[in-house]
Each structure stands twice: as structure tokens, then as C-alpha cells.
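Enquirer: Take this structure, written in C-alpha cells, and hold onto it; I'll ask about it next.
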Amino acid sequence: MTEAIKDNINEKEDILKKVHQFKKKSQAKAVWTRYKRNKLGMFGLIVFCLMAVVVLSADIYLDYEEQAIAQNISERFQFPSGEHILGTDQYGRDVLARIIYGGRISMFVGMATICVSLSMGAIIGASAAYYGGKIDNILMRIMDIFLAIPNMLMAITLVAAFGSSLLNLILAMGISNIPRMSRIVRSAVLNVKGQEYVEAAMACGTSDARIIFRHILPNAMGPILVQATQTVARTVITVSSLSFIGLGISEPTPEWGAMLSEAKSQLRYYPYLAITPGIAIVMMVMSLTLVGDGLRDALDPRLKN
Amino acid sequence: MSEKLLEIKNLHVMYRTDDDDIYALNGVNISVEKGKTLGLVGETGAGKTTTALSIMRLLPDRVGAVKQGEIIFEGKNLLNVDNEEMRSIRGNDISMIFQDPMTSLNPIHTVGQQIGEVIKLHNIHLDNKDIELKIDEMMEMVGIPADRKTEYPHQFSGGMKQRIVIAMALACNPKLLLADEPTTALDVTIQAQVLQMMGDLKEKFNTSMILITHDLGVVAQICDSVAIMYAGEVIEIGTIEDIFEADVHHPYTIGLFGSIPDMTKKTYRLNPIDGLMPDPAIVPPGCRFADRCPKCMEVCEKISPENFIKNTHQIKCHLFTEKAKNATGN
Amino acid sequence: MTVPMIQTKNLKKYFATKKGELHAVDGVNLTINSGETLGVVGESGCGKSTLGRVILKLLEPTEGEVLYEGNDISKYSRKQMKNMRKEMQIIFQDPFASLNPRMTVSEIIAEPIKVCKTITNDNEILEKVFDLMNTVGLAERFVNTYPHELDGGRRQRIGVARALALDPKFIVCDEPVSALDVSIQAQILNLMMDLQDNMGLTYMFITHDLSVVKHISDNIAVMYLGQCVELAKTDELFENPAHPYTEALLEAIPIPSLKYRKKLNIIRGEVTSPINPKPGCRFAPRCPKVMPECSQASPELTEISPGHFVSCYIYMNGHYQTKGEKHENISANKS
């Protein structure tokens with residue numbers, strides 16, 4: 005008896021060994037190898053990562069209250085120097101510190117927006133494409149109506165209606181991006197849905213949810229990811245624009261658009277106050293766009309050579 | 011023996027990709043006589059299309075390159091003529107038909123315009139009225155009513171599109187027609203129509219043709235001679251009778267025939283060739299078919315075989331050269 | 002008489018298109034007996050793939066019945082169908098499109114087992130996967146590779162292994178070898194025939210290639226524009242083709258032998274549109290033997306000799322002695 009059990013155990017171990025012996029080549033690795041070849045994409049990724057590291061670790065080397073918020077009128081309008089690398093603004097706050105903390109807001113809003121719009125967009129787009137027919141028609145027509153309202157206008161209306169808090173801003177941005185996201189998801193899913201492996205899954209009686217999440221979405225991820233990075237980039241701009249016209253993040257919280265807005269009155273005498281947050285916005289948006297382009301090429305195996 | 015229109019000597023072609031160097035052709039020797047049809051047979055990756063593209067000098071830029079060899083067309087080495095001259099040879103003297111007719115038709119022009127375009131390019135002296143007449147003539151010739159010339163490609167069926175492509179290819183009376191799997195995408199009844207039409211037109215214009223296909227049935231129908239390719243080499247070449255009726259064959263040819271279900275008798279199981287096409291990135295010292303060959307000998311893995319020649323029939327295999335050696339030795 | 006594995010009764014599948022109703026499958030009556038192979042031949046657009054999918058209920062039939070071992074599955078609910086799916090599977094034409102590119106070979110083969118929960122223990126599933134890979138002749142070292150790293154022949158073996166994972170009785174093979182090179186095609190055909198001998202599988206083999214279908218089938222159904230125009234035992238069909246379309250089809254195959262090199266009798270014209278078809282025989286516009294009655298009503302499938310059914314007026318109205326009556330369900334198992 006014990007012999008038999010032992011044999012059984014050995015057999016099982018053998019099978020596990022067999023499987024592990026032939027290592028999986030990760031697909032993420034293959035995408036990464038292809039991504040690495042794209043110089044512009046790599047440049048964008050490095051810039052973005054540097055900015056992310058600087059911004060996220062800000063609390064280690066900066067004091068938010070002291071350097072970004074507290075006013076120090078005696079030190080106002082100082083030109084860049086050793087003490088204040090990018091100078092100080094009209095309330096004597098360190099511009100560099102404010103830009104770094106402003107980056108936090110931009111990144112946070114960007115990421116939160118994509119979470120809202122992607123999750124909603126994925127559900128709406130995937131069900132529209134998978135079920136088709138009436139459901140598709142109704143959902144897409146609703147999205148069309150939303151799409152007819154410009155992004156910015158929609159965000160302004162929502163913020164104006166519910167007040168300008170961070171949460172409202174995120175909701176406004178997220179909701180206004182849902183229609184575009186759901187269209188992208190829909191077309192990506194439609195593409196994959198016609199493939200024979202989906203039919204093969206149906207032939208085994210696979211449930212709809214399993215077909216969508218295991219067979220369709222992983223294969224539709226490429227265009228969706230690309231769109232997501234670009235949405236983040238666009239959101240950064242929109243948030244800055246909203247803040248610029250006074251509807252986004254309000255004083256004293258540092259935000260790039262708000263900083264630009266403040267600096268515009270001093271443009272003639274202290275141009276660096278406007279230039280530096282401008283550069284920050286450009287760097288963030290450009291790096292994300294480059295990452296998006298790089299991802300698009302890396303995820304599409306047809307563009308391999 | 012009639013005159014040779016095209017002769018390819020020891021052609022080597024290589025593709026350079028990011029990962030590997032692909033040896034697509036490794037010393038191909040074929041020739042086409044005037045007014046005759048050569049069938050180029052082989053499986054995916056054998057180098058059939060590469061051969062045709064080399065003749066047209068249309069190998070993909072930067073990636074593909076002719077490493078060695080000559081392509082002699084009417085006494086001229088096509089690899090040495092300048093681009094201007096090559097352009098006039100393409101179309102005037104040599105035309106090509108592709109497997110998918112849609113790739114050679116422009117969806118936004120009517121078929122009449124497209125045929126006319128080709129005629130205009132090669133007959134500058136013709137005025138518009140003559141060109142219109144010529145278009146009608148070409149369309150009728152391939153069996154499509156001339157009044158359909160104002161329609162767009164998508165309004166035609168696959169078989170008709172392929173006829174139009176053939177009309178375009180023949181519009182300037184080429185001396186050599188390269189047909190790359192012209193009927194593979196078509197249904198059998200349509201394939202039969204197109205093949206018959208091609209055969210008739212070939213006779214009418216006395217055009218030579220290289221027919222690239224994987225279908226031995228098609229070859230048996232319309233070819234005069236056959237070259238069988240494997241992994242970038244011609245492993246057997248001869249007249250149609252040599253390939254279909256002679257007693258001796260390359261083991262690969264035997265495997266190829268064994269893989270097709272025979273319509274004329276009942277077979278229990280097919281006799282396919284085991285294994286797969288070799289990796290084109292590696293050139294072994296010996297015969298490229300050695301590891302799949304049921305009659306592989308020691309010498310096969312070491313030395314690349316010479317051609318065994320018997321009249322018009324050539325087989326690139328040690329089986330026969332060794333035998334011949336032994337025979338002369340005795 | 003035993004209950005046939007698959008039987009279709011007046012099966013119809015229409016698709017609504019902008020131009021009108023597309024009659025993809027139009028009143029097909031077929032019978033497939035257990036352990037046999039029915040070959041379904043026809044040119045592109047004749048509805049052969051749709052027929053296979055309607056039988057598997059991947060598409061809902063517009064009208065008619067599909068009997069699986071005597072039970073009408075066309076009215077089954079999704080839940081009832083889920084149990085049936087274990088017994089009927091499909092192998093696809095394109096070994097590139099039919100395998101999920103984000104899943105490894107073992108995941109692909111194990112997927113049906115996990116979905117139907119025929120085995121729940123992970124180790125036993127793996128054991129089964131290795132078993133299946135051995136059965137279809139896939140080396141074990143491919144267990145964790147992705148399909149795009151393999152060639153067409155090996156991919157098609159994965160497709161076969163996946164279809165076998167649930168131990169089905171009936172498999173629809175939709176052009177399983179058309180995308181493969183001849184030498185690989187022969188390997189897969191041999192594999193499928195071996196599997197049939199060893200496991201007693203029943204195949205419905207859909208293809209446009211008559212030489213392949215002759216090799217593998219016991220019975221052959223010839224389809225033209227959604228209708229079955231001739232049904233017979235394989236040898237009978239090739240020796241005595243009755244329907245003018247079958248004759249034309251046989252005539253058109255290029256045979257790799259010089260003995261058959263001749264001026265062919267080729268049928269003219271092309272397949273007409275299956276959208277809103279006119280009454281009458283669908284083949285009439287191309288038929289060399291067309292008669293006045295051909296354009297009035299569709300001919301019925303008629304038995305002209307035991308087990309040989311043709312739908313053509315030549316064999317109906319006194320031109321030919323009718324040996325059978327009208328048949329709703331046709332059994333080819335008369336021997």
C-alpha cells in the first residue's frame with residue numbers, strides 16, 4: 005500500500021518537474037525586448053520614470069508645509085540661485101518644491117482619471133461589442149451623445165456644478181473620458197471576438213465572463229493600453245488648463261496650471277515663473293506620448309521588423 | 011532543342027533580419043525555353059517566390075539581397091542592368107501575377123482605367139481611342155464582357171479579378187510571365203477555367219511562363235518542364251515526363267507525391283515525409299534533406315550532393331551519383 | 002437500426018443582410034452514423050462551414066432540427082447544451098487564428114477541461130495534457146511555449162489535442178488541413194484517421210479539396226449554395242457521379258498524373274449569390290444539362306440507387322427511373 009502511495013507521489017512530482025523544466029518565455033519580456041529597440045520610446049520612459057521618482061519621493065527631501073505652502077514674503081521674487089534653484093514666486097515659496105508637489109497632483113489626477121474611465125469604459129465597450137445588436141446600439145448612441153460635448157466643456161460644467169474639489173475634478177475628468185475609452189475597447193474587442201479561438205472557447209461551453217476576461221480582453225489589451233497612456237497625458241493638460249482658468253486645484257495647493265496662471269501677471273519681469281511649470285507640463289505630456297507610441301509598436305508583433 | 015529565354019545560374023539569395031541571416035536560395039539553376047512553361051514546385055519556405063522576385067529584381071529593399079549568381083534573360087544579366095532599363099524590362103518583357111488578385115488591383119480605379127494605364131505606359135504612341143479599343147480587346151480575351159470595364163475591382167468575384175490581373179499582365183505582350191500561385195485562392199471549378207484560359211493565351215502569344223505552385227495536379231495540367239525546390243535548392247528538374255513518369259526520383263519528390271491522396275485508387279494511409287522544413291538560418295554541410303530522408307546515407311550528412319544527370323532529367327542526390335560512380339568504377 | 006450519431010432534418014440557417022436574406026444553409030437533411038466520416042464538399046460560399054456550426058449549435062438554426070443520438074438539441078437551452086459540448090467538438094481551418102496567442106500550449110489544451118470541470122485536480126489535468134500531447138504527436142518540450150513560436154503543423158496538432166481534451170464522440174473538422182503544406186497535411190490526415198480507429202470518433206469533415214475528402218470519408222455530401230445536391234458512399238460518388246455539379250467538380254480537379262492531361266469539359270460561369278435566391282435549382286444557371294423545369298421549383302433529394310441521393314430533375318421526371326421515394330431523413334447506412 006505505502007509503496008503505491010509513494011509511487012503516486014513520485015509520479016505527481018515528476019509531472020510538476022516536467023512542466024517546470026520547460027520554462028515559459030514570458031510574453032511581457034518579448035514586448036520589453038521590442039520596446040527597448042525604440043529609442044524615442046525609451047527616452048520617454050526614462051524621463052517619465054525620473055519624474056515619477058522625484059515626485060513620489062518628495063517627502064523625503066522636502067517639507068510640504070514649509071517649502072511649498074508657507075508664505076515668506078521677505079524672499080519673494082528671488083531669481084534662481086543656489087538656495088532656490090528655480091527661484092521663488094510672489095509669496096516667496098520655492099518654485100522647484102512647488103513644481104515637484106504640483107507633479108504629484110497631476111500624476112494622481114491622471115492615474116485616478118484613467119482608473120475611472122478605463123474601468124467604466126471597459127465594461128461598457130466590452131459588453132457593447134460582445135453582445136452586439138440592441139445593447140451595442142443603445143450603449144454606443146449614449147456614448148455618442150457624450151462624445152458630442154467637448155471634453156473640456158464637460159469637465160468645466162461638472163466642476164462648476166459640483167464645486168472644485170480634487171474628487172470632483174477626478175470624477176469630471178474620468179466621466180468625460182469614458183466615451184472615448186469605451187469606443188476604443190469596443191473596437192478592440194470586436195476585432196478579437198471574430199477570431200476562431202473565441203469560437204473554440206464557445207464550443208466548450210465557456211461562460212461569457214470567462215470568454216471576455218480570459219480570451220478577449222488579454223488580446224485586446226494593446227490598443228487599450230496605448231489609449232490609456234495617451235489619456236493620462238491629455239488629462240495632465242486638461243487639469244492644468246482647468247486650474248489655469250481657476251476651476252481646478254485652488255491656492256495654496258501647488259498645481260502646474262495654477263502656477264502658470266499666477267505667473268502670467270509677472271511674465272514681463274519674472275518669466276522663469278511661467279517657463280518652469282510650462283516645461284514641466286511639456287516634459288510630462290511628451291514623455292507619456294512617447295511611451296504610448298513605443299507601446300503601440302512593441303505590442304503589435306506585425307511591426308516586428 | 012529550342013532557345014533558352016531565361017537562364018538562372020547558381021543563384022544565392024539571403025535575407026537579413028534582426029535576428030538571423032536567412033539563406034533563402036542556395037545555388038538555384040533553372041532555365042526556361044521560349045514558349046514553354048516551367049513549373050516551380052515546393053512547400054512554404056522552399057524559395058519559389060524568392061526566385062521569382064529575384065528575376066523581377068523586386069526583393070525587399072535592404073532586407074533581401076542576391077549574394078551570387080546570374081540571371082540571364084535574352085543574353086543580358088538582369089542583375090547588372092541599371093534601374094531605368096530594369097523598369098522597362100518589367101512589364102514590357104517580364105510580367106508577374108500574384109496569388110491574391112486584390113494586391114495588384116487598385117480599389118479606387120475602374121478596371122478599364124487600370125488595364126489602360128498599363129497599355130499607355132508601354133505604347134506611348136497610341137491615342138485614347140485606340141487604347142479604349144485595346145482595353146475592350148483585352149477584357150474580351152480573358153472572358154469578361156467589355157462593358158464591365160467601368161466597374162471597380164470589388165464588384166468582381168475572385169476568379170474574375172484574377173482574369174483581370176492576367177489581362178493586365180498580358181496587356182503588353184511580355185515574353186516571360188511569372189505566375190505566383192495564380193489559382194490557389196480560387197475554387198476548383200474557377201481554377202480550371204483560369205488555368206485553361208492561361209494555357210490558351212500562352213499558346214496564342216507564344217509567351218514563356220514560370221508557374222509557381224504547390225499543387226502537383228496543376229503542374230501536370232499545363233507545364234512542359236518542372237523544377238522541384240526544397241530549402242532554397244532545386245533538388246530535381248526535368249521535363250514533365252521525367253518528373254511524372256520516370257522511375258528514379260529524389261526521395262523528397264517521392265515524399266511529395268506520397269503526401270497527396272491519390273484520386274485514382276484507394277489508399278489506406280498516406281506516406282508523408284516525417285519532420286519539418288529545416289531552419290533556413292543554418293546551412294548544413296551536407297544535403298539539406300538528409301535529416302528527413304528515409305534513404306539517408308553517411309555521405310549525405312557530410313557532403314552536399316552533385317547533380318545526377320540523365321538526358322533532361324537532373325536529380326540532386328547522392329543515391330544516384332554514388333551508383334553512377336560505382337558503375338563506372340566497375 | 003441503431004440511432005445515428007447526428008441527423009439533421011430540413012435544417013435551415015438564414016442570415017439577415019442589408020441586401021436581403023442570405024440562405025447559407027437551406028433545407029439540409031443529413032445522417033452521420035457512429036464511427037463514420039461524412040465528408041462535406043463544396044466551393045466557397047456554399048454554406049458548408051455554416052452547416053458545421055449550426056450542427057454544433059454555435060449558430061442557432063433558423064428552422065429544422067439537429068438530432069444528436071436521437072435527441073433534438075436545436076431546442077436545448079444553454080445549460081443543457083453545456084453538457085452536450087463535452088461530446089461534440091470542432092477543429093478549425095486556420096491554425097493561426099484558432100489558438101489564443103496569450104496562452105501556452107498546456108493552457109490551451111487544459112482550458113476545455115477546466116471549463117467543463119471533467120477533472121478538477123491540477124496534477125491530473127497536467128497528466129491529461131501530457132497524455133493528449135503524446136496522442137497527437139507533440140513533443141513534451143513544447144508544453145510551455147506559445148503557439149506563435151510553432152509552425153502550422155504543430156499548431157494544428159494543438160487544435161486537435163484541444164478538441165480531444167473532453168473525450169468527445171463527434172468532431173466537426175472545418176477544413177483542418179487546407180492551410181497546411183502537402184507533406185504536413187498528410188501527417189495531420191494520418192493522425193486524424195489513426196485517432197478515429199483508436200477512439201471510435203465520428204467526423205464531419207468539411208473541405209473543398211476532393212482528393213482529401215475521398216481519402217478520409219465513408220460518405221460524401223456535395224453542397225451547392227446551401228443545399229445538398231448529392232449524397233452517396235465515397236466510392237459510388239466518385240465512380241458514378243450523378244448530379245451535373247458533382248460531375249463538373251470532379252472534372253475540374255487537376256490530377257497529378259499525365260494520363261489525365263486532356264482538354265477538360267469545364268463548366269462556365271460562377272457561383273450565384275445566396276442572397277434571396279430565385280426559385281428553382283440553384284445550379285440551373287451554370288448547368289450544361291439545364292431543362293425548362295429546373296428554373297421553376299427546387300428538385301427534391303431522390304434516391305437513385307441504394308444509398309445514393311441526388312437532387313436533380315434529370316433523375317425525377319421520367320428521364321430516369323426513380324428508385325426511392327422522397328426522403329426526409331436519409332440514411333447512408335444501407336449496406
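Residue numbers (my numbering), protein chains in the order written: chain H, 5 to 309; chain F, 11 to 340; chain Z, 2 to 336.
C-beta: ideal position from N, C-alpha, C; glycine also.
Note that the coordinates shown come from a computational prediction; the quantities given were computed from them, not determined experimentally.
State yes or no: is the beta carbon of Glu88 of chain Z nearer than 7 Å to at least one beta carbon in chain F?
Expert: no
Enquirer: Please report the residue range of the alpha helix (DSSP H) in which Met89 of chain Z lies.
Expert: Element bounds for Met89 of chain Z: not the alpha helix (DSSP H) but the beta strand (DSSP E), 89-92.
Enquirer: Quick check: what's the CA-CA separation for Pro278 of chain Z versus Val121 of chain F?
Expert: When the Cα atoms are used, Pro278 of chain Z and Val121 of chain F turn out to be separated by approximately 28 Å.
Enquirer: Any chance the stretch 239-247 of chain Z sits against the stretch 283-301 of chain Z, with 3 or more Cβ pairs inside 8 Å?
Expert: yes
Enquirer: Would you kindly work out how many angstroms separate the C-alpha atoms of Asp297 of chain H and Ala62 of chain H, rounded to a whole number?
Expert: 29 Å
Enquirer: Starting from the N-terminal side, write out each stretch of the alpha helix (DSSP H) that is 4 residues or longer and does not extend beyond the stretch 117-197 of chain F.
Expert: 121-132, 138-151, 168-180
Enquirer: Would you verify that the beta carbon of Lys19 of chain Z is, or is not, closer than 7 Å to some beta carbon of chain H?
Expert: no
Enquirer: Can you give me the C-alpha to C-alpha distance between Glu61 of chain Z and Ala180 of chain Z, rounded to a whole angstrom?
Expert: 27 Å
Enquirer: For Pro102 of chain Z, which residues from the same chain have a beta carbon less than 8 Å from its beta carbon, with the 5 sequence-adjacent residues on both sides left out?
Expert: Tyr147, Pro148, His149.
Enquirer: Taking a contact to mean a Cβ-Cβ separation below 7 Å, would you say Gln90 of chain Z touches Ala162 of chain Z in this structure?
Expert: no
Enquirer: For Lys335 of chain Z, which residues in the same chain have their Cβ closer than 7 Å to its Cβ, ignoring the five residues on either side in sequence?
Expert: With a pLDDT of 37 at Lys335 of chain Z, under the threshold of 50, the predicted position of this residue should be treated as unreliable, and no value is reported.
Enquirer: At 3 residues or longer, what runs of the beta strand (DSSP E) sit wholly inside the stretch 67-120 of chain Z?
Expert: 89-92
Enquirer: Which runs of the beta strand (DSSP E), 3 residues or longer, sit entirely within the stretch 250-295 of chain H?
Expert: none
Enquirer: Please say whether Thr194 of chain F and Val204 of chain F have beta carbons closer to each other than 7 Å?
Expert: no
Enquirer: In this structure, what does DSSP give as the bridge partners for Met24 of chain F?
Expert: F:Tyr33, F:Ala75
Enquirer: When the cut-off is 7 Å and only beta carbons count, does Phe254 of chain F lie next to chain Z?
Expert: yes
Enquirer: Name the two residues that bound the continuous beta strand (DSSP E) containing Asn321 of chain F.
Expert: No beta strand (DSSP E) contains Asn321 of chain F, which DSSP labels as neither H nor E.
Enquirer: Any C-beta of chain F sitting closer than 7 Å to the C-beta of Leu12 of chain Z?
Expert: no
Enquirer: If you reduce the DSSP assignment to three classes, tell me which class Lys327 of chain Z lands in.
Expert: Model confidence at Lys327 of chain Z stands at a pLDDT of 39, short of 50, so the residue's coordinates are unreliable; what they give is reported in the following sentence. Looking at Lys327 of chain Z - three-state DSSP - the assignment turns out to be strand.
Enquirer: Measure from the C-beta of Phe16 of chain Z to each C-beta in chain H and report whether the shortest distance is under 7 Å.
Expert: no
Enquirer: Leu259 of chain Z touches chain F at which residues, Cβ-Cβ below 8 Å?
Expert: Ala230, Ile250, Glu251, Phe254, Glu255, listed in chain order.
Enquirer: State the Cα-Cα distance for the pair His88 of chain H and Leu100 of chain H, rounded to the nearest angstrom.
Expert: 7 Å
Enquirer: Using a Cβ-Cβ cut-off of less than 9 Å, give me the residues of the stretch 209-237 of chain F that come near chain Z, in sequence order.
Expert: His224, Asp225, Leu226, Gly227, Val228, Val229, Ala230, Gln231, Ile232
Enquirer: Are the C-beta of Val230 of chain Z and some C-beta of chain H separated by less than 7 Å?
Expert: no
Enquirer: Just to confirm before moving on: does the CB-CB distance between Leu50 of chain F and Lys58 of chain F stay below 7 Å?
Expert: Result yes, Cβ atoms of Leu50 of chain F and Lys58 of chain F sit closer than 7 Å.
Enquirer: If you run the structure through DSSP and keep just helix, strand and coil, what is Lys308 of chain H?
Expert: Low confidence applies here, because Lys308 of chain H scores a pLDDT of 43, under 50, leaving its location unreliable; read the following figure in that light. DSSP places Lys308 of chain H in coil when its eight states are reduced to three.
Enquirer: What does the alpha-carbon distance come out to for the pair Phe284 of chain Z and Asp198 of chain Z?
Expert: 37 Å
Enquirer: Can you tell me whether Ile56 of chain Z is buried or exposed? The criterion is at least 16 other CB atoms within 10 Å of its CB, across all chains shown.
Expert: When all chains shown are included, Ile56 of chain Z counts as buried.
Enquirer: Buried or exposed: which applies to Leu127 of chain Z, given that a residue is buried once 16 or more other Cβ atoms fall within 10 Å of its Cβ?
Expert: buried
Enquirer: Could you spell out the range, first to last residue, of the alpha helix (DSSP H) harbouring Thr113 of chain F?
Expert: That run of the alpha helix (DSSP H) goes 111-114.
Enquirer: Examine the ligand SAH and report whether any of its heavy atoms sits within less than 6 Å of the Cβ of Arg79 of chain Z.
Expert: Only the bare structure without any ligand can be found here, which leaves the ligand SAH out of the picture.
Enquirer: Going straight from the alpha carbon of Gln228 of chain Z to that of Pro290 of chain F, what length do you get?
Expert: 46 Å
Enquirer: Count the other CB atoms, across all protein chains shown, that sit within 10 Å of the CB of Gly129 of chain H; report buried if there are 16 or more and exposed otherwise.
Expert: So Gly129 of chain H ends up on the buried side.
Enquirer: Rounded to the nearest angstrom, what separates Ala165 of chain H and Phe47 of chain H at their Cα positions?
Expert: Approximately 41 Å, taken between the alpha carbons.
Enquirer: Check each residue of the stretch 208-221 of chain H: if its Cβ is closer than 9 Å to any Cβ of chain Z, include it; give the result in chain order.
Expert: Cys208, Gly209, Thr210, Ser211, Arg214, Arg218, His219
Enquirer: Should Cys310 of chain F be labelled buried (16 or more other beta-carbon atoms within 10 Å of its own) or exposed?
Expert: buried
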